[in-house]
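Protein chains in written order, with the UniProt record's numbering: chain A, 1 to 209; chain B, 1 to 209. Notes follow the structure.
There are 2 protein chains.
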Amino acid sequence: MSTPRKPRGPYRKGLERREQILRAALDVFSERGERGSSLKEIADRVGMSQAGVLHYFESREDLLLAVLAERDALDTEATADVMSPGEAVARTVGHNARQPGLVDLFVTLSAAASDPAHPAHAFFKRRYTDLGARIQEGLDQGRRQKQIREDVDSDLMARLLLAVSDGIQLQWLLDPSVDMTALVQAFNRMCAAAPVGDSDDPSPTGEGD
Amino acid sequence: MSTPRKPRGPYRKGLERREQILRAALDVFSERGERGSSLKEIADRVGMSQAGVLHYFESREDLLLAVLAERDALDTEATADVMSPGEAVARTVGHNARQPGLVDLFVTLSAAASDPAHPAHAFFKRRYTDLGARIQEGLDQGRRQKQIREDVDSDLMARLLLAVSDGIQLQWLLDPSVDMTALVQAFNRMCAAAPVGDSDDPSPTGEGD
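What follows is the structure, encoded as structure tokens:
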């Protein structure tokens, strides 16, 4: 969340209050999912009235979007030490598997947001463009290091990684025995450059003998 | 739709009427999406009252599910001549790109169905198990024919193909410039067995000279 200038006084207090509500909302959604969560419970946890909460977030939708943006930011923070986008997604889905409520919130809201009239439409559209570009950058770096295959465009591969990550969340919500981490790791194996047969070393491996 | 015995008389007439409503619903959803579709319009197209339609489909949800099942059946029919699951999905998404309303219906309803209490929950859970098993079978056949790589479990690959197909629909609804067919084809390339280096023919290709 970027702020135009160094916050101070009542403005800073407001930001802190907003952050406090956001954390409470993240906890409530994480525990109860979108359908089981109420503005009342979030307000109760921070000792405010519902009207008080709505002073910081214009609507329930506005709060939901802020929760998802915060979740993206926390995921990015938690994977900052990981070089490859595929590994970052693998770690994130492993983390998500312990927060079914947030996965549920994401899946439900992203689907509803496909409607151009939905308040979350612009958020999700931008999310895929931004995340896609960042993942593509990481994949291009992996290509330069000969870790990522070069016969599939990195922009397509980036979009596929996002699609995999979304699609397996849906499958997992329907059937919690689905192993999201194993699926992302399998996908990552398919993105990897072939381990043998570098073009400057065409010698056979000799496995046939 | 399996029938326990050969339908005749009024029962057969009922089935025909049901089929007629289903086709009309498929058209309406295809044109208008889930949010823009009304039971009234579907009823109007078949010259019935809304109560008359609800005689054949218990609820709006029941009709929606029948529409999605019919769509799956039509997709299967339309790809019966295609051997590889990946090619079948590529053809299906190309077809879907001309039916945004149905894609929207699918994405919205599958997300809502993640709630175990939702009337479509069992339908979608079974859908992924059944489709996954069928795709896995096709991939295993491809492996025997050395067309599909063998270093990734075919059950994981099958689940990934379904995830890709779902995830790119969401991205496409948010941004219609996303090329779903190119994405599935890129994924298929990643599933393919390496074109060179058969284990019984370890000779170098000689490209280095």
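C-beta atoms are modelled at their ideal positions from N, C-alpha and C, and glycine is treated no differently.
Okay, do the region 134-142 of chain A and the region 131-146 of chain B touch, 3+ Cβ pairs below 8 Å being the bar?
No contact exists between the region 134-142 of chain A and the region 131-146 of chain B.
Does DSSP put B:A192 in a helix, a strand or coil?
Note: B:A192 maps to strand in three-state DSSP.
Residue ranges of each alpha helix (DSSP H) run of no fewer than 4 residues wholly in the region 33-118 of chain B, ordered along the chain?
Counting whole runs of 4 or more residues, the region 33-118 of chain B contains the alpha helix (DSSP H) stretches 39-45, 50-56, 60-78, 85-96, 100-112.
Looking at the C-beta of A:M1, does it have a partner C-beta in chain B at a distance below 9 Å?
Only weak support is given to the placement of A:M1: the predicted model assigns it a pLDDT of 48, under 50, and the question is left unresolved by the model.
Going by DSSP, what residue range makes up the alpha helix (DSSP H) through B:A133?
B:A133 -> alpha helix (DSSP H) spans 121-144.
So with CB distances below 9 Å, who are the chain B contacts of A:A186?
Correct list: V152, D153, L156, M157, R159, L160.
Flag A:S114 as yes if its beta-carbon sits less than 9 Å from any beta-carbon of chain B, otherwise no.
Residue contact with chain B for A:S114: present (Cβ-Cβ distance below 9 Å to some residue of chain B).
Do B:D115 and A:G33 have their CB atoms nearer than 9 Å?
A contact, by the Cβ cut-off of 9 Å.
Burial state of B:Y56, where buried means 16 or more other Cβ atoms lie within 10 Å
Buried, because 16 or more other Cβ atoms sit within 10 Å of the Cβ of B:Y56.
With 7 Å as the limit, tell me which residues of the region 88-108 of chain A have their beta carbon closer than that to any beta carbon of chain B; keep them in chain order.
Only those residues of the region 88-108 of chain A whose C-beta falls short of 7 Å from the nearest C-beta of chain B are listed: D104, V107, T108.
Starting from the beta carbon of B:F124, find every residue of chain A whose beta carbon is closer than 8 Å, and list them in chain order.
Chain-ordered, the chain A residues with CB closer than 8 Å to the CB of B:F124 read L174.
Are the beta-carbon atoms belonging to B:L170 and A:S37 less than 9 Å from one another?
Contact: no.
For a contact defined as C-beta to C-beta under 8 Å, what are the partners of B:I148 on chain A?
Those do not exist, as B:I148 stays about 11 Å from chain A at its closest Cβ, beyond 8 Å.
B:T129 versus A:F29: straight-line alpha-carbon distance, rounded
Straight-line Cα distance between these residues: approximately 28 Å.
Using a cut-off of 8 Å between C-beta atoms, extract the partners of B:V178 located in chain A.
Within chain A, the residues near B:V178 are R159.
Quickly, what does DSSP pair A:I148 with across the bridge? List them, please.
A:A192.
Quick one: which chain B residues come within Cβ less than 8 Å of residue 215 of chain A?
An answer regarding residue 215 of chain A cannot be provided, because it is not within the stretch 1 to 209 covered by chain A.
Give every residue of the same chain whose Cβ lies closer than 6 Å to the Cβ of B:V184, excluding the five residues on either side of it in the sequence, and list them in chain order.
Within the same chain, Cβ atoms closer than 6 Å to the Cβ of B:V184 are found at V89, A90, V93, the five residues on either side in sequence being excluded.
Over what stretch of residues does the alpha helix (DSSP H) that includes B:D155 continue unbroken?
154-174 is the span of the alpha helix (DSSP H), which, as asked, contains B:D155.
If you drop the 5 nearest sequence neighbours on each side, which residues of the same chain put their C-beta closer than 7 Å to that of B:E31?
Taken in chain order, the residues that qualify are G101.
Quick one: list the residues of chain A neighbouring B:M48, beta-carbon separation under 8 Å, in chain order.
None at all; the shortest Cβ gap to chain A is about 28 Å.
For A:V82, collect the residues of the same chain with a Cβ closer than 7 Å to its Cβ; drop the 5 residues on either side in sequence, then sort them by chain order.
The answer, listed in chain order, is A88, R91.
Neighbouring residues, chain A, relative to B:R35 (Cβ below 7 Å):
Near B:R35 (Cβ distances below 7 Å), the residues of chain A are D115.
Name the chain A residues whose beta carbon is nearer than 9 Å to that of B:V28?
Going along chain A, no residue has its Cβ under 9 Å from B:V28, so there is no contact; the nearest lies around 17 Å.
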